[in-house]
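Trainee: I have a structure I would like to understand better, so I am pasting it below and will then ask my questions one at a time.
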Amino acid sequence: MHLVAVDWGTSSLRGALLDGTGTVLAEQGHPRGILSVPAGGFPEVFESLFAEWMRPEGTRCIISGMAGSQQGWVEAPYCACPAGLGEVARSIIDIQPGRIALVPGLRDEHAGVPDVMRGEEVQIFGAIALTGLRDGVFVLPGTHNKWVRVKDGRVEGFRTFMTGEFYALLSQHSIIARTLDADAPLDEAAFLQGVAQSDNGEGLLHNAFGARTLALFNRTPKAHLSSYLSGLLIGEELRTQSLKTSGEVVLIGSPALTQRYALAIGAAGVATRTLGAEATWAGLHALALIQHNPTP
1 MHLVAVDWGT
11 SSLRGALLDG
21 TGTVLAEQGH
31 PRGILSVPAG
41 GFPEVFESLF
51 AEWMRPEGTR
61 CIISGMAGSQ
71 QGWVEAPYCA
81 CPAGLGEVAR
91 SIIDIQPGRI
101 ALVPGLRDEH
111 AGVPDVMRGE
121 EVQIFGAIAL
131 TGLRDGVFVL
141 PGTHNKWVRV
151 KDGRVEGFRT
161 FMTGEFYALL
171 SQHSIIARTL
181 DADAPLDEAA
191 FLQGVAQSDN
201 GEGLLHNAFG
211 ARTLALFNRT
221 PKAHLSSYLS
231 GLLIGEELRT
241 QSLKTSGEVV
251 LIGSPALTQR
261 YALAIGAAGV
271 ATRTLGAEAT
281 WAGLHALALI
291 QHNPTP
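So this is what it looks like as structure tokens:
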């Protein structure tokens, strides 16, 4: 069995060709997120990118991410938490039966307010398969970060934090943007200073203004202010977590983001383990295996 595993997001998509054991045979990435696809254009885009991989008889494709949203190819309704690999596999939506299918996202509730994810659930199941950890906290940094509680291999629940989006807003569109370089490389000392400052009990709305006054009085070099602001925001996020009871935290995402979370969580005395794109491919392979060999 060959599996074409696709993570189709808002601004880009990634694909991998896997053999029956889950080994990656080839990978590709394109700036063809769902927002770039015209109405009714998903089949054409898919075939233009993956027709060669799909040619062998019996090849199947499973797609995760925003391609299953209301703005995507076909809407794949959310699964309610708690949810494990089996529940998600049973809720996969066929686009072309036996050939192309879409993974549903997950939905959780907090005091009557829904929370959702699309694509991250696959990364979590992949991380479980790769690490063997069936209990614990899994963190997926991004524009909208996910903190996920896993118990006995199932997603018990999760919370989303708009940390990445708030960083973009503050560093590009607020008064702070005039005094920092949003693209400056990470300065670990300034970052950890921001993390520590976030725990002063004054709140983010006050602490964020310090990114301006530190520049105003030349207390922090301009090249380090973006790291300080990033530390404030991630520290604010961590302030709401019970890290001391988490054990090892699994981070899944790009090196640039997981490095920052590893630093911040490490400063709290908690160990971390990091995974990248391999978690997505392992999760889609695990879902394909369950679909191929369903439990009676």
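Numbering-wise, the sequence shown is residues 1 to 296 according to UniProt numbering.
From the three backbone atoms N, C-alpha and C, an ideal C-beta is built for every residue, glycine too.
(1) Go ahead and pull the three-state DSSP assignment for Gln123.
(2) Just to confirm, is the Cβ distance from Ala118 to Gly105 under 8 Å?
(3) Kindly indicate which three-state DSSP category Ile92 falls into: helix, strand or coil?
(4) Report, in whole angstroms, the separation of the C-beta atoms of Val137 and Ala83, which I expect to be a contact under 8 Å.
(5) Since Ala196 and Ser227 should fall inside the 8 Å C-beta cutoff, what is the C-beta to C-beta distance between them, to a whole number of angstroms?
(6) Taking C-beta to C-beta, are Leu35 and Ser11 nearer than 8 Å?
(7) Could you check whether Gln172 and Ala182 sit closer than 8 Å to each other, using their CB atoms as the reference points?
(8) Using the rule of at least 16 other Cβ atoms within 10 Å of the residue's Cβ for burial, across every protein chain shown, is Ala5 buried or exposed?
(9) Identify every residue that forms a DSSP beta bridge with Asn145.
(10) Can you name the start and end residues of the alpha helix (DSSP H) that Met54 belongs to?
(11) What ranges does the alpha helix (DSSP H) occupy inside the stretch 188-271, keeping only unbroken runs of at least 4 residues that lie completely in it?
(12) What distance in whole Å lies between the Cβ atoms of Ile252 and Leu85, which are believed to be in contact at a cut-off of 8 Å?
(13) Let's test the definition: count the other Cβ atoms within 10 Å of the Cβ of Ile63 and tell me whether it reaches 16, buried, or not, exposed.
(14) Rounded to whole angstroms, what is the Cα-Cα separation between residue 305 and Gly157?
Mentor: Let me lay it out:
(1) Of the three classes helix, strand and coil, the one that applies to Gln123 here is helix, per DSSP.
(2) Residue identity check: residue 118 is Arg in the sequence provided, not Ala. In this structure, Arg118 lies near Gly105, with their beta-carbon atoms less than 8 Å apart.
(3) When secondary structure is reduced to three states using DSSP, Ile92 falls in the coil class, being assigned neither helix nor strand.
(4) Actually they are not in contact, since the Cβ atoms of Val137 and Ala83 sit about 17 Å apart, beyond 8 Å.
(5) For a cut-off of 8 Å, the C-beta gap from Ala196 to Ser227 is around 13 Å, too long to register as a contact.
(6) For Leu35 and Ser11, yes; Cβs fall inside 8 Å.
(7) Contact flag set, yes.
(8) It counts as buried.
(9) Its beta-bridge partners are Phe161.
(10) Run containing Met54: 42-54, per the alpha helix (DSSP H) assignment.
(11) Counting only unbroken stretches of 4 or more residues, the alpha helix (DSSP H) elements lying wholly within the stretch 188-271 are 188-197, 204-207, 210-216, 222-238, 255-267, in sequence order.
(12) With a Cβ gap of about 16 Å, Leu85 and Ile252 do not count as contacting.
(13) Around the Cβ of Ile63, a 10 Å sphere holds 16 or more other Cβ atoms; the residue is buried.
(14) Since the first residue shown for the chain is 1 and the last is 296, residue 305 is missing from the structure and cannot be characterised.
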